[in-house]
Amino acid sequence: MNFTVSKTNIVFQGKVFDVKVDEIEYNGSGNKSFRQVALHPGGAVVLPLKSDGRIILVSQYRYPHNEVLLELPAGKLEKGEDPLNCATRELTEETGYSSKKVSKLGKIYTTPGFCDEILHIYLAEDLIPGDHAREEGEEGMEVVELTLEEAEEKIRNGKIVDAKTICGISMYKLGSRF
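The sequence shown runs 1334 to 1511 under this note's numbering.
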C-alpha cells in the first residue's frame, strides 16, 4: 500500500449492505483522495448435483435488473454464520433438497473495485429431496435442472448471465476443491 487511511465514515447503513468512505493520503506526495466501499456480509452459493449429473438451478426475479435470472441457489450470510451452514440452508430453502456431502469449490470477490463481498461456493452431492422453505419474495422461484453441457450452452448464448453461477459452474468443471 502506498497510502494511509486518515479518516473513515459510515455514510449509509442498510439492510443488505453499508457504505463507508475512507479519506486516504498517499505516501510521498501527501495528496488526499477518497475511497467508497460497499460493506457486505458475504454469502454462500451451492451447486447441487444430482446423481444423474444434472445441476439444479433456480429461476428468480431480480429487482435491480427487472428480469428473471437463472442462478445457482445462494444467500447472504447472517452475522457470524459459517458459509457452509449458509450454503446448506439456502439449498433447502430454495430447492427443497438437502445433502450431507457438501464440499467447498472456492470463493470469489464479486466486485473488488468497490465492494468487500466474498461469496463462498460449494458443491452439494448425494441430494435428498424434500420441501423447500422459501422466504417472502421468493414465491415465484422455480427449480430448473440442466446437464453441464446445457448450462455451458446457456452461458455461451447469454441465457445465464449471473456471475456467481458462471463462476460456480466453471469451478465445478475445472475440478476446483478447497
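For each residue, glycine too, the CB sits at the ideal point set by N, CA and C.
K1497: not part of any beta strand (DSSP E); member of the alpha helix (DSSP H) spanning 1496-1507, first to last residue. When beta bridges are read from the DSSP output, E1486 appears opposite no residue. Within the segment 1364-1420, the runs of beta strand (DSSP E) that reach at least 3 residues and sit entirely inside it are, in chain order, 1365-1372, 1376-1381, 1388-1395, 1400-1404, 1407-1409. The C-beta distance from L1456 to L1380 rounds to 5 Å, short enough to fall under 8 Å. Residue environment analysis places A1420 among the buried positions, since at least 16 neighbouring C-beta atoms fall within 10 angstroms of its C-beta. Contact between the segment 1382-1391 and the segment 1473-1485 is present, with at least three C-beta pairs closer than 8 Å.
The residues P1374, G1375, G1376, A1377, P1416, C1419, in chain order, have a CB closer than 8 Å to that of L1410 in the same chain once the five nearest residues on each side in sequence are set aside.
An exposed status is given to H1398, since fewer than 16 other beta-carbon atoms sit within 10 Å of its beta-carbon. Check the Cα spacing between K1412 and each of L1372, R1489, K1440: the tightest is with L1372.
For Y1455, the enclosing beta strand (DSSP E) begins and ends at 1451-1458.
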